[in-house]
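Residue numbers (my numbering), protein chains in the order written: chain A, 28 to 518; chain B, 28 to 518. Glycine residues also receive a C-beta, built at the ideal position from the N, C-alpha and C atoms. Taking it in order: structure first as structure tokens, then the write-up.
There are 2 protein chains.
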Amino acid sequence: MHIDLSRNSSVKLYLQITKTLADRIQSGLLPQGTKLPSIRHLSSLLAVSPVTVSKAYAELESMNLVTCTQGKGCYVAEASVPIYHEGTQDLSWQMSLIDYLPRAQLWRNFNHSRKATYSFHIAAIQPELLPTREIIADTHRLSSENSDVMAAYGTFEGDLELREVFADHLSERGIPIVAEQLLVTSGAQQGIDLVARTFVGPGDVVYMEAPTYTGAIDVFTSRGAKVIMIPMDEEGMRIDILTRLCDTHPPKLIYTIPTFHNPTGVTLTMARRTQLLDLAQSYHCLIVEDDPFSDLYYKTKPPLSIKAHDQSGYVVYIKSFSKTVAPGCRIACVAATGSVMDRLVAAKSTTDLGSPLLTQKTLLPFLRNRLDQHLVSLREQIRDRLTVALNTLQRYAPPEVTWYAPEGGLNVWIKLPSMVDIPELERVADREGISFLPGAVCYAGGMDSNHIRISFSYTDKETLKSGLRKLCNLLGDILDHSVIVERKPIL
Amino acid sequence: MHIDLSRNSSVKLYLQITKTLADRIQSGLLPQGTKLPSIRHLSSLLAVSPVTVSKAYAELESMNLVTCTQGKGCYVAEASVPIYHEGTQDLSWQMSLIDYLPRAQLWRNFNHSRKATYSFHIAAIQPELLPTREIIADTHRLSSENSDVMAAYGTFEGDLELREVFADHLSERGIPIVAEQLLVTSGAQQGIDLVARTFVGPGDVVYMEAPTYTGAIDVFTSRGAKVIMIPMDEEGMRIDILTRLCDTHPPKLIYTIPTFHNPTGVTLTMARRTQLLDLAQSYHCLIVEDDPFSDLYYKTKPPLSIKAHDQSGYVVYIKSFSKTVAPGCRIACVAATGSVMDRLVAAKSTTDLGSPLLTQKTLLPFLRNRLDQHLVSLREQIRDRLTVALNTLQRYAPPEVTWYAPEGGLNVWIKLPSMVDIPELERVADREGISFLPGAVCYAGGMDSNHIRISFSYTDKETLKSGLRKLCNLLGDILDHSVIVERKPIL
Numbered sequence: 028m029h030i031d032l033s034r035n036s037s038v039k040l041y042l043q044i045t046k047t048l049a050d051r052i053q054s055g056l057l058p059q060g061t062k063l064p065s066i067r068h069l070s071s072l073l074a075v076s077p078v079t080v081s082k083a084y085a086e087l088e089s090m091n092l093v094t095c096t097q098g099k100g101c102y103v104a105e106a107s108v109p110i111y112h113e114g115t116q117d118l119s120w121q122m123s124l125i126d127y128l129p130r131a132q133l134w135r136n137f138n139h140s141r142k143a144t145y146s147f148h149i150a151a152i153q154p155e156l157l158p159t160r161e162i163i164a165d166t167h168r169l170s171s172e173n174s175d176v177m178a179a180y181g182t183f184e185g186d187l188e189l190r191e192v193f194a195d196h197l198s199e200r201g202i203p204i205v206a207e208q209l210l211v212t213s214g215a216q217q218g219i220d221l222v223a224r225t226f227v228g229p230g231d232v233v234y235m236e237a238p239t240y241t242g243a244i245d246v247f248t249s250r251g252a253k254v255i256m257i258p259m260d261e262e263g264m265r266i267d268i269l270t271r272l273c274d275t276h277p278p279k280l281i282y283t284i285p286t287f288h289n290p291t292g293v294t295l296t297m298a299r300r301t302q303l304l305d306l307a308q309s310y311h312c313l314i315v316e317d318d319p320f321s322d323l324y325y326k327t328k329p330p331l332s333i334k335a336h337d338q339s340g341y342v343v344y345i346k347s348f349s350k351t352v353a354p355g356c357r358i359a360c361v362a363a364t365g366s367v368m369d370r371l372v373a374a375k376s377t378t379d380l381g382s383p384l385l386t387q388k389t390l391l392p393f394l395r396n397r398l399d400q401h402l403v404s405l406r407e408q409i410r411d412r413l414t415v416a417l418n419t420l421q422r423y424a425p426p427e428v429t430w431y432a433p434e435g436g437l438n439v440w441i442k443l444p445s446m447v448d449i450p451e452l453e454r455v456a457d458r459e460g461i462s463f464l465p466g467a468v469c470y471a472g473g474m475d476s477n478h479i480r481i482s483f484s485y486t487d488k489e490t491l492k493s494g495l496r497k498l499c500n501l502l503g504d505i506l507d508h509s510v511i512v513e514r515k516p517i518l
Numbered sequence: 028m029h030i031d032l033s034r035n036s037s038v039k040l041y042l043q044i045t046k047t048l049a050d051r052i053q054s055g056l057l058p059q060g061t062k063l064p065s066i067r068h069l070s071s072l073l074a075v076s077p078v079t080v081s082k083a084y085a086e087l088e089s090m091n092l093v094t095c096t097q098g099k100g101c102y103v104a105e106a107s108v109p110i111y112h113e114g115t116q117d118l119s120w121q122m123s124l125i126d127y128l129p130r131a132q133l134w135r136n137f138n139h140s141r142k143a144t145y146s147f148h149i150a151a152i153q154p155e156l157l158p159t160r161e162i163i164a165d166t167h168r169l170s171s172e173n174s175d176v177m178a179a180y181g182t183f184e185g186d187l188e189l190r191e192v193f194a195d196h197l198s199e200r201g202i203p204i205v206a207e208q209l210l211v212t213s214g215a216q217q218g219i220d221l222v223a224r225t226f227v228g229p230g231d232v233v234y235m236e237a238p239t240y241t242g243a244i245d246v247f248t249s250r251g252a253k254v255i256m257i258p259m260d261e262e263g264m265r266i267d268i269l270t271r272l273c274d275t276h277p278p279k280l281i282y283t284i285p286t287f288h289n290p291t292g293v294t295l296t297m298a299r300r301t302q303l304l305d306l307a308q309s310y311h312c313l314i315v316e317d318d319p320f321s322d323l324y325y326k327t328k329p330p331l332s333i334k335a336h337d338q339s340g341y342v343v344y345i346k347s348f349s350k351t352v353a354p355g356c357r358i359a360c361v362a363a364t365g366s367v368m369d370r371l372v373a374a375k376s377t378t379d380l381g382s383p384l385l386t387q388k389t390l391l392p393f394l395r396n397r398l399d400q401h402l403v404s405l406r407e408q409i410r411d412r413l414t415v416a417l418n419t420l421q422r423y424a425p426p427e428v429t430w431y432a433p434e435g436g437l438n439v440w441i442k443l444p445s446m447v448d449i450p451e452l453e454r455v456a457d458r459e460g461i462s463f464l465p466g467a468v469c470y471a472g473g474m475d476s477n478h479i480r481i482s483f484s485y486t487d488k489e490t491l492k493s494g495l496r497k498l499c500n501l502l503g504d505i506l507d508h509s510v511i512v513e514r515k516p517i518l
């Protein structure tokens with residue numbers, strides 16, 4: 028693998044090496060049993076002293092990620108996930124092939140191999156609540172005119188009719204925008220990735236909320252960014268802390284999920300939205316506003332998006348239309364202006380020559396005519412599930428367990444007492460068919476976290492209830508001998 | 028923009044600066060009228076002497092890319108393409124936002140805005156020859172079972188049934204492979220991009236044919252690779268030259284289009300395929316075998332792919348199923364083994380969480396049952412067009428104009444006498460509604476080229492004939508006063 032060392036950083040070199048290797052081991056990119064390079068070899072490769080490498084290896088050993096034996100060297104420990112498949116060919120040379128994938132937590136946590144009866148790890152909506160049959164019926168109306176269109180390459184920006192529908196949708200939500208300022212992407216993930224590959228390079232400072240969406244961390248670290256995570260409170264990202272840090276570490280980009288934040292569920296207040304925009308203006312940096320959830324509010328409408336107040340093209344706004352309609356269609360849009368937009372379109376062309384027209388034309392009639400009505404009933408259905416989730420937690424969770432009750436989105440962020448070993452809980456839960464997202468993957472650098480994220484919208488209510496109860500019981504077993512503390516909501 | 032200077036390079040610093048700026052200006056990323064940074068400012072930014080920057084600016088001026096005026100500074104010249112749109116907002120700060128897009132020739136040359144009556148610039152197939160109506164009819168058979176599948180996220184690797192169809196298709200073509208060694212991508216472009224983002228970083232040496240596919244140059248330069256282009260002859264890439272260069276510049280990756288190469292049409296001989304694979308094995312580097320055209324042969328079947336002989340996972344093979352079936356569906360596959368495959372899948376997850384299931388499920392029945400039969404008739408149709416193209420050139424091209432007669436693919440690579448100013452020809456042709464691809468964009472670093480690429484499959488035979496005749500006449504006008512030379516095929 029490629030290890031980027033920053034010699035001017037306040038982070039010690041041995042910790043930088045530790046972090047890089049830990050990220051790769053925890054992502055499964057360095058499989059169990061892999062021999063790490065010898066201390067002598069790695070120190071000469073990185074031009075650091077052997078003591079530095081030796082300290083990094085000791086650190087990894089203390090994290091139980093590697094096992095070192097005198098005279099034999101260090102090996103990735105058994106606890107990590109074995110990923111590489113065996114073949115009959117001799118592929119051993121491949122292990123020396125350097126790559127630029129520092130982290131791959133999406134791959135590690137979300138691939139199809141993960142089938143759970145009580146599927147709480149994925150922030151998606153139960154297929155039965157989605158209008159997929161309707162959308163498939165819409166494909167029957169694809170006319171011969173469409174057929175000719177589809178035989179040609181689409182435009183890099185995406186289908187103009189669809190972008191017009193998106194423009195109307197966003198305008199109704201306070202974002203005054205025209206189709207020309209919109210780019211169709213293959214899901215919000217691609218939107219984040221396009222911004223990163225266009226504007227973020229090695230050493231650029233990217234601020235994110237702590238915690239945040241794990242897929243965004245994957246993206247920005249893959250660009251070699253210096254990711255700095257900003258603590259949150261009940262009003263969202265701590266802009267005061269961000270402001271202070273910007274003094275010494277000027278931002279290239281600030282990534283935020285201001286509305287029903289993933290994973291915490293917290294919404295950034297209007298006042299802080301304004302402060303954030305002011306900050307971007309004074310530093311001439313980009314804000315990436317990722318907005319998967321603003322239409323999924325269960326009490327009152329959330330505040331207007333940051334993009335709605337953006338007069339000078341500082342905000343790149345990313346809106347998924349996959350999650351609430353048809354995840355399998357991978358449709359999202361990115362709103363940006365001026366040369367920022369032009370450069371994103373240029374990057375899109377290099378990436379994949381534009382998103383498929385078939386999915387765009389298929390979703391068009393639904394998004395144009397029936398989305399709003401669908402969202403009304405979807406909100407109702409998911410609010411019911413949220414109620415079930417919160418009630419079940421209230422009733423069965425051990426008293427030491429606390430959570431934040433969200434007013435929108437698909438997740439509950441649960442804080443466990445520090446004596447709970449989350450990887451161990453994961454294994455026990457897995458045996459019962461329960462999956463959840465360990466909070467640690469929502470931090471850059473594998474920070475310790477006592478949290479887990481439960482997504483409550485992918486299973487039906489009965490399954491949700493019984494699965495959550497089982498999980499609470501497992502937690503109860505673990506905590507059986509611990510002291511009872513007072514319960515309060517917490518981030 | 029971000030300028031990467033390599034101080035150990037044999038290329039002089041002022042030429043590195045020239046190349047970076049020229050690439051951006053020629054891509055339209057620095058629009059007409061943009062003021063370049065002052066010599067003092069850029070020299071301090073890059074930590075080079077003012078003389079170096081001043082030489083770079085003089086070089087750009089001699090290329091007619093910028094205009095410098097004493098006391099006023101240097102501006103991007105009018106001849107370059109104006110791209111950035113105007114708005115009512117003040118977006119001027121955006122011009123100082125550094126990006127990592129060194130080049131964007133795909134964006135510059137292939138976006139929809141380019142509508143020509145005689146469309147010869149795009150290597151695509153006339154929509155009427157594609158089975159799009161059939162494929163749309165297939166969407167009507169998408170069952171409710173499929174509908175449930177589509178409401179969920181797909182897998183990162185792509186639909187298993189589709190990968191099984193791809194595996195059969197490739198096995199029939201001598202590539203013994205199973206579905207697990209295949210990754211579905213959004214077009215071949217994304218396949219190239221995934222390999223680059225996973226395995227290529229700043230300074231890594233990437234070898235390519237000279238000339239090559241412009242979209243691949245965009246991708247590898249965007250990763251900061253040191254791109255080295257290897258001359259070709261009638262047997263394809265000059266492996267002898269490549270071998271010598273590898274001594275001093277060991278390869279990280281070799282990108283090749285061995286069969287009916289784009290843009291030249293030349294096919295790499297079997298002997299050289301073996302040499303290339305041997306070379307990769309001795310340097311432990313990857314070969315990226317891009318294969319858009321092997322099914323489009325018009326005389327005899329081409330030699331087996333390099334991948335067919337790959338025993339140890341050195342070759343990443345990329346096969347588009349968009350071009351010959353449904354470009355609007357953006358479906359291709361990447362074949363790789365071992366940890367190379369695992370890492371590509373991890374990169375795919377970060378990029379877009381997997382390609383849309385709708386397009387995969389829609390194309391499945393056609394690709395499974397009717398592709399081979401479709402290819403038979405497609406070959407016949409396109410062979411007819413090739414004949415028309417070659418006959419028209421033979422009859423009407425001025426005698427100083429030469430070309431290589433391809434035995435497959437969609438392009439004719441035409442060499443013009445050096446006195447033809449190709450940008451000027453482009454403007455004149457554009458007025459007549461004729462588009463072609465200027466050869467210069469098929470070289471890294473904007474190398475001078477006397478070639479143009481004509482794609483003969485996107486228009487019907489009559490349009491092809493009359494457009495090519497017009498183009499020949501334009502060339503005749505230009506060459507009216509030049510000496511007549513003997514005609515022979517040439518690369």
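Alpha helix (DSSP H) segment containing R422 (chain A), residue limits:
Segment 398-423, the alpha helix (DSSP H) holding R422 (chain A).
Should D37 (chain B) and Q132 (chain B) be called a contact, given that it needs their Cβ atoms to be closer than 8 Å?
Going by the sequence as given, residue 37 (chain B) is Ser instead of Asp. For S37 (chain B) and Q132 (chain B), no; Cβs fall outside 8 Å.
Residues that L124 (chain A) contacts on chain B, provided the C-beta gap is smaller than 9 Å:
F226, K279, H311, C312, L313, S366, V367, R370
Partners in chain B for I204 (chain A), counting only beta-carbon separations shorter than 7 Å
Using a Cβ-Cβ cut-off of 7 Å, I204 (chain A) is close to nothing in chain B; its nearest Cβ partner there is about 11 Å away.
Three or more C-beta pairs under 8 Å: does that hold for the region 146-157 of chain B against the region 454-471 of chain B?
yes
Go to C312 (chain B), then tell me how far its alpha helix (DSSP H) extends in each direction, as first and last residue.
Counting along the chain, C312 (chain B) falls outside any alpha helix (DSSP H), and DSSP gives it neither H nor E.
Under 8 Å between C-beta atoms, does A373 (chain B) make it to chain A?
yes
Quick one: what does DSSP say N91 (chain A) is sitting in, helix, strand or coil?
coil
From A:N418, A:Q59, A:S382, pick the residue whose C-alpha is nearest to that of A7 (chain A); which is it?
Beyond the ends of chain A as shown, which are 28 and 518, falls residue 7 (chain A); an answer cannot be given.
Span of the alpha helix (DSSP H), counted from its first residue to its last, around V352 (chain B)
Here V352 (chain B) belongs to no alpha helix (DSSP H), and DSSP marks it neither H nor E.
For S445 (chain A), which residues in the same chain have their Cβ closer than 8 Å to its Cβ, ignoring the five residues on either side in sequence?
N477
Just verifying my parser: in three-state terms, what is the DSSP assignment at Y111 (chain B)?
Annotation note: pLDDT 39 at Y111 (chain B) (below 50); position unreliable, coordinate value reported separately. Here Y111 (chain B) sits in coil by DSSP.
Within a Cβ cutoff of 7 Å, which residues of the same chain sit near L156 (chain A), ignoring the five residues on either side of it in sequence?
L405, Q408
By DSSP, does T15 (chain B) sit in helix, in strand, or in coil?
A query on residue 15 (chain B) cannot be resolved here, the shown segment of chain B reaching from 28 to 518 and no further.
If the criterion is Cβ atoms closer than 8 Å, does the pair T389 (chain A) and I162 (chain A) meet it?
yes
Can you list the residues of chain A that C101 (chain B) reaches, using a CB-CB cut of under 7 Å?
Those do not exist, as C101 (chain B) stays about 19 Å from chain A at its closest Cβ, beyond 7 Å.
Just list the residues that DSSP pairs V211 (chain A) with in beta bridges.
A:C360
Please report the straight-line C-alpha distance between R224 (chain A) and R224 (chain B), rounded to a whole angstrom.
10 Å
When DSSP labels each residue in this structure, what does V439 (chain A) get in the three-state scheme?
V439 (chain A) falls in the strand class under three-state DSSP.
Ignore the nearest five residues each way along the sequence and tell me which others in P258 (chain B)'s own chain have a CB closer than 7 Å to its CB.
A237, R265, I268
Comparing alpha-carbon positions, which option in A:T79, A:I333, A:V233, A:N438 lies nearest Y344 (chain A)?
A:I333
Whole-Å CB distance - L306 (chain A) paired with T270 (chain A), under 8 Å assumed
6 Å
Under 8 Å, with one C-beta from each stretch per pair, do the region 409-418 of chain B and the region 374-381 of chain B reach the 3-pair mark?
no
Does L385 (chain B) have its Cβ less than 8 Å from a Cβ in chain A?
yes
Going by alpha carbons, who is nearest to V315 (chain A) out of A:Y431, A:L272, A:T239?
A:T239
Coil, strand or helix - K334 (chain B) by DSSP
helix
Which of the three DSSP states is assigned to R250 (chain B) in this structure?
The answer is coil: DSSP assigns R250 (chain B) none of H, G, I, E or B.
Exposed or buried, M122 (chain B), counting other C-beta atoms within 10 Å across all chains shown (16 or more means buried)?
Its Cβ having fewer than 16 others within 10 Å, M122 (chain B) is exposed.
With L118 (chain A) and G365 (chain B) assumed to form a contact (beta carbons below 8 Å), what rounded beta-carbon distance in angstroms separates them?
Cβ atoms of L118 (chain A) and G365 (chain B) come within 8 Å of each other, at about 4 Å.
Nearest chain A C-beta to D507 (chain B) closer than 8 Å, yes or no?
no
I'd like the ranges of any beta strand (DSSP E) spanning at least 3 consecutive residues and lying wholly in the region 445-516 of chain A.
478-482
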